[in-house]
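Q:
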Amino acid sequence: MKLLEEVLKKHIAPPDIPAALERFRFLREEIKKRNETVNLTAITGDDGIEVRHFIDSLAAIDAGIGPDDSLLDVGAGAGLPGLAIKIALPRLKLSLAESVQKKAAFIADAARALGFDDVSVYPVRSEDLPPELRETFDTVCARALAKPPVAAELMLPWAKVGGRCLLYAASSVKSDGLSRVCAELGGEVSAEIDYALPPEPSRGGDGPSARKIIVIRKIRPSPVKYPRRAGLAAKAPLI
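Sequential numbering of the sequence shown, starting at 571, is according to this note's numbering.
#1: Cutting at 6 Å between CB atoms, please list the residues of its own chain near PRO693, excluding the five before and the five after it.
#2: Excluding sequence positions up to five away, which residues of its chain have a Cβ less than 7 Å from the Cβ of ILE655?
#3: Alpha carbon to alpha carbon, what distance is there between ALA722 and ALA712?
#4: I want to know whether the region 751-758 touches the region 592-599 - three or more CB-CB distances under 8 Å.
#5: When the Cα of ASP746 is compared with those of LYS730, ILE677, GLY647, VAL720, which residue comes out closest?
#6: Say whether the region 789-806 touches the region 681-698, bearing in mind that this needs 3 or more beta-carbon pairs closer than 8 Å, one atom from each stretch.
#7: Excluding five sequence neighbours on each side, which residues of the same chain lie with their C-beta closer than 7 Å to the C-beta of LYS730?
#8: Using only CA atoms, which one of ARG781, ILE783, GLY732 lies nearest to PRO536?
#9: Could you please give me the residues that DSSP links to PHE707 through a beta bridge?
#10: Considering only the beta carbon of each residue, do LEU767 and ILE625 sit closer than 8 Å?
#11: Please report the straight-line C-alpha distance between LEU659 and LYS717, rounded to a whole angstrom.
#12: State the Cα-Cα distance for the pair ARG734 and ILE657, rounded to the nearest angstrom.
Listed below in structure tokens is the structure:
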């Protein structure tokens, strides 16, 4: 995991890198093993998991996640980016929402096996999270959740005022209408952080892959009617 090791050097102290790499290796193997019976990911090769899951996940740290922040990962899938960020920042207060029950069970099992007893897993859609979680998180993040305007409705109500939402996307993804939607939800688009994933050796050095994180600041409370009931954000986008 040489590529991942180089990325970790940017974020954690040198003495902590071996333990972090061991956790990443363990998580990689657990994903591959569970993926035989549960459709966690289409990316199953070691290099692909390292680059397109782990290294991609860690890009959010450059967007301002602090080591003691509270983080909600919406539509967490195989537990990413949340678990990867937690490995790098173990004091992080992590919650993950994943509505597919078997995926949520995997996340909970993996978190316990990694030694993270303080991780909360919610086996529900974002729209059905407990209302007491509204506007309590420093950061809300999502990868491959939905188009940006739809994802914003599923993320912003859970971020505290003064917090942020981080939306991972390919660099080619357009965010038309996002600013207008964010204004309705109490947020504003503050930045787009460009980054590139390193080439994967097993794919003949293809790449790098151009990516970005759209940063949305929460500047005022979200109207209580958002998020709307399950499915409406996608069926009837605010744009």
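All C-beta atoms in this analysis are idealised placements derived from N, C-alpha and C, irrespective of residue type, glycine included.
A: Considering the structure as presented:
#1: GLN671, ALA674.
#2: Answer for ILE655: SER627, LEU628, ALA630, ILE631, ILE635, LEU641, LEU662, listed in chain order.
#3: Their backbone Cα atoms lie some 10 Å apart in a straight line.
#4: As far as the Cβ criterion goes, the region 751-758 does not touch the region 592-599, which means the pair count is below three.
#5: It is VAL720 whose Cα lies nearest to the Cα of ASP746.
#6: As far as the Cβ criterion goes, the region 789-806 touches the region 681-698, which means the pair count is three or higher.
#7: For LYS730, where only same-chain residues beyond five positions count, the Cβ hits under 7 Å are GLU705, THR706, PHE707, ASP708, LYS788.
#8: Not covered by the structure: residue 536. The range shown for the chain is 571 to 809.
#9: ALA729.
#10: Result yes, Cβ atoms of LEU767 and ILE625 sit closer than 8 Å.
#11: If you take the alpha carbons of LEU659 and LYS717, they lie about 28 Å apart.
#12: Here the alpha carbons of ILE657 and ARG734 stand approximately 21 Å from one another.
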